[in-house]
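Asker: In our numbering, the protein residues as written are 1 to 58.
Yeah, the Cβ is synthetic: ideal placement off N, Cα and C, and Gly gets one too.
#1: Measuring CB atoms only, is the region 21-35 touching the region 46-56, in the sense that at least three cross pairs come out at less than 8 Å?
#2: If you measure from the beta carbon of residue 33 to each beta carbon in chain D, is any gap under 8 Å?
#3: Check for me: the alpha helix (DSSP H) holding residue 46 runs from which residue to which?
#4: On the three-state DSSP scale, how would you describe residue 23?
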């Protein structure tokens, strides 16, 4: 994981676990939500904002 130096072993271990097990699934879900929005299915503006913020920070 790309963490700042000096992080505890537990944080590094969790970061690696998240990247391997959940990161791709979370991004797939976000893209599915944004695809629904693109197809004119109602998605609240706050959810769209949160999705875009998540992708921007990754």
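Answerer: In brief:
#1: Yes, since at least three Cβ pairs between the region 21-35 and the region 46-56 fall closer than 8 Å, the two stretches touch.
#2: No chain D is present in this structure, which holds just one protein chain.
#3: Mapped onto the chain shown, residue 46 falls at position 46. Run containing residue 46: 45-57, per the alpha helix (DSSP H) assignment.
#4: Numbered from its first residue, the chain shown carries residue 23 at position 23. Helix at residue 23.
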